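Residue 123 in my numbering is what sits at position 24 of the sequence shown, and the numbering runs on without skipping anything. Just so you know, even glycine gets a beta-carbon here, dropped at the ideal spot from N, CA and C. All values reported here derive from a predicted model rather than from experimental measurement.
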Amino acid sequence: MTDTPILHVDMDAFYASVALRERPDLVDEPVVVGGSGRGVVLAANYVARRYGIRSALPMTRVRRLCPHVTVLEPDYDTFTSVSASVMETFREVTPVVEAMSLDEAFLDVRGSTRRLGPPAEIAERLRSTIHDEQGITCSVGVAATVSVAKLASRRAKPDGVIVVRPGEVTSFLHPLDVGELYGVGEKTQTLLHRFGLMTVGDVAHTPVGTLQRAVGVHLGRHLHALAWGTDRDELTATAGPHEPERSMGADETFGRDTDDRDVIVRELLRLSARVGGRMRSAGVAGRTVTIKVRFADFTTITRSRTLPEATDVTVEIHRAATRLYDALGLQRARLRLVGVRMEGLVPRATVHRQLVLGEPEHGWSDADRAVDRATRRFGSAAVRPASLVGANGSGRSAV
């Protein structure tokens, strides 16, 4: 079993990075995302941070620090959409994803190493996939516990990976200021400094009882565990505080931008099969099919269609996705990415399909379940739709 199964994945300047996809001319300029006038900064790119600009800073202060800063209005629909896609990428690696916010999550990959390799390789794979599919970067900390992984991802910024093995924990943690410990705020930092505890090493070598008398029983015990990197090493899978809870989807970035309808429709089929398989595995069905289309310049649009009945049937999902794509009338527009999502999920057992006159006794639903059984036994390549056989994979491999 791996000794560093916990990954903390944190998007780099998430809101600013997403906003700048539409404004590549501003990539090397100081940019903040937030409200104008008396608003505050939601996010600042790394160029703006060199001027001392940080999140939650009043915009009037920002203007004084950097008069030539560019302020972009937040687009929360796009932020949520990108976040949902990132979380789906995480869940294709492991079902044990503890989402902390729109732009960060902890992953337990101990059940994925046989399939995907060591945690460090999984971290690099995630960074590559997120960059290719979303056009943004992330940093990853890899460790045995939650707090050490969190600190490692912070040190890896921007766009890096740091692995802290159990034997390296004390040399990594102990030189740090106590204020860097995960969850330690300014008040606790000030209190610890008042007692002469300046570094994490100082806290680690202070008896637990002394810490408890100084800061309280619970906090003293918790700080001691943090200082030795022996805090929580088990995750609780969550949907995340801002992430839609009743949807499943998948995206794919093409190896090269394409306007070939056959290639795009074939990829929609591949994605529909992936989403349908996950729904059947989870015992749910959905009524609303949504496609996402990203153009070569990273402009992204979505379109949805609500079906008469909830479904988990691949053919029905794909038929609706194809109709949505054709209705866009894109002609020769070149695409970078397509995605398929099913929303409004309900337990499959609650769905009662309307019988159709002349419908065969065994239809597409039975065929899907037969494919699922073969896939579980022989692997994902054992059975696939005929149009995907021999396809050379115009999309990049998803994780």
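Between T352 and R435, the C-beta spacing is below 8 Å. Short of 8 Å from the beta carbon of P257, and not among the five residues preceding or following it, lie these beta carbons of its own chain, in chain order: D111, A112, Y145, T236, S238. The C-alpha of V364 lies about 14 Å from the C-alpha of D356. For the 8 Å CB-CB criterion, L322 and A349 do not form a contact.
The alpha-carbon of V130 is positioned some 46 Å away from that of R447.
Here Q430 is exposed: its Cβ has fewer than 16 other Cβ atoms, across all protein chains shown, within 10 Å. Across the structure, T405 and V412 are spaced so that their CA atoms are roughly 15 Å apart. In the three-state reduction of the DSSP assignment, E351 falls in the strand class, which pools E and B. The residue among F397, R393, T410, T399 with its C-alpha nearest the C-alpha of R377 is T410. In the structure shown, the three-state DSSP call for A432 is coil.
Listed in chain order, the non-local C-beta contacts of L141 below 7 Å within the same chain comprise Y114, V132, G133, S154, P173, local neighbours out to five positions each way being set aside.
Per DSSP, reduced to three states, the secondary structure at I390 is strand. The residue from D332, D207, A420 with its alpha-carbon nearest to that of V108 is D207. By the criterion of a C-beta distance shorter than 8 Å, R254 is surrounded in its chain by G240, I261, once the five residues flanking it on both sides are discounted. Residue nearest to V161 within the set S182, T177, G138, Y175 is G138 (criterion: CA-CA distance). Between L291 and V277, the C-beta gap is smaller than 8 Å, which places the two residues in contact. The residues R440, E442, in chain order, have a CB closer than 6 Å to that of S346 in the same chain once the five nearest residues on each side in sequence are set aside.
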